[in-house]
Amino acid sequence: MLSELRRALRRGQNGVIEQKRLAVMVFVWNAVCICWGILSFNKTYQFYHVSISTADFLILLQNSWNFGIMILPFTVFLVMRCKQDSLNVQRLLRYGSRSKMLGIQFMESAIYAIYHALAVVLIESIAAYSLTGVWINWNEIGSLFYSQTGAVADAGFLGVAITVGMLYFLKYMIVFGFLDLLFWNPRYMFTVWILLIVLAGTDRLGNTGFYQIFSVSFGGWNSPRSIFTLILGGIVIIGTEYLAGVVKIRKQDIF
């Protein structure tokens, strides 16, 4: 298992190196989009005369526009390019099992998802703190958190950052897992873009949208059980993707 993890890490690193120009472009684009989102939210909430902190921006930037439309599609394209050689005859012969090979693909995707989730949270944190100079102020009556919930919370910034990062990881991984299944059916690769459009469109339905469900809100922060349920639900979806892929690839010719 450890050897496979090391190989997956090495392949992930090699994929980024091979696509280094694109990787830099996506990183810069993400940073620009995050800074733009922070400035936009800051301008909006200045009008309401509330004290906004770095943790508030982590919550606000999870929405379908800032993440689902501005950031995620470009990241998916980068990962698609980095993993374009993830399925070939040599690797299939090496692993000797289609299900094992799919598992390795999911492992590589998890590595990419962790990297991008960390990158997004770090960029958001650094950019927001540069603007506000405050990590978290949810225990103050004049805070944005209080204005949204009518209550204060004794929360730490690190806990908020880790929770938001975990939910970013799940969102990335759900999409990357779907992408891994499409590598076994390249002619349907275009459907990943349809998926992204549908996921962004679901947020028009209200609180049942994909990006709203898999996000931590101000109101939901005081309910650890609901956050745990979200994380468990994301893991179940990813596991279902893998099991569905195992069943499907056993019944098809790929080469």
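Residue 108 in my numbering sits at position 116 of the sequence shown, and the numbers go up by one each step. Yeah, the Cβ is synthetic: ideal placement off N, Cα and C, and Gly gets one too. Keep in mind it's a predicted model, so treat the numbers as computed, not measured.
In the three-state reduction of the DSSP assignment, S43 falls in the strand class. For a cut-off of 8 angstroms, the C-beta gap from E233 to L173 is around 7 angstroms, short enough to register as a contact. According to the DSSP assignment, D77 belongs to no alpha helix (DSSP H), since it is labelled neither H nor E. Here DSSP, grouped into helix, strand and coil, assigns S135 to strand.
Sequence-distant partners of S43 (beyond 5 residues in either direction) whose C-beta falls short of 8 angstroms from its own C-beta, in its chain, are V126, N129, E132, G134, S135, L136.
DSSP, reduced to helix, strand and coil, places G201 outside both helices and strands of the structure shown, so it counts as coil.
Rounded to whole angstroms, the separation of the alpha carbons of L235 and R90 is 12 angstroms. Each residue's CA atom was taken as its position, placing A120 and H41 some 17 angstroms apart. For the set L123, L(-3), E(-4), F69, the Cα lying nearest the Cα of L31 is the one of L123. Taking all protein chains in view, the Cβ of V16 is surrounded by fewer than 16 other Cβ atoms within 10 Å, so the residue is classified as exposed.
Counted as a single uninterrupted DSSP element, the alpha helix (DSSP H) harbouring M158 occupies residues 149 to 174. Contact between I106 and V208 fails: their C-beta atoms lie close to 18 angstroms from each other, not under 8 angstroms.
G237 sits in a helix when the DSSP states are folded into three classes.
In this structure, the straight-line span from the alpha carbon of Q76 to that of L171 is close to 11 angstroms. Excluding five sequence positions before and after G148, the CB atoms of its chain that fall closer than 8 angstroms to its own CB belong to I128, given in chain order.
Distance from V71 to F168 at the Cβ level is roughly 6 angstroms; contact confirmed, criterion being Cβ atoms closer than 8 angstroms. In this structure, L191 keeps its C-beta atom at 8 angstroms or more from the C-beta atom of P65. The criterion of a C-beta distance shorter than 8 angstroms is not satisfied by K163 and F210. The three-state secondary structure of A192, taken from DSSP, is helix. The Cβ atoms of L1 and I103 lie closer than 8 angstroms to each other. A residue is called buried when at least 16 other Cβ atoms come within 10 angstroms of its Cβ; S101 meets this threshold and is buried. In this structure, the CA atom of F33 is about 20 angstroms from the CA atom of R196. Sequence-distant partners of W57 (beyond 5 residues in either direction) whose C-beta falls short of 6 angstroms from its own C-beta are missing from its chain.
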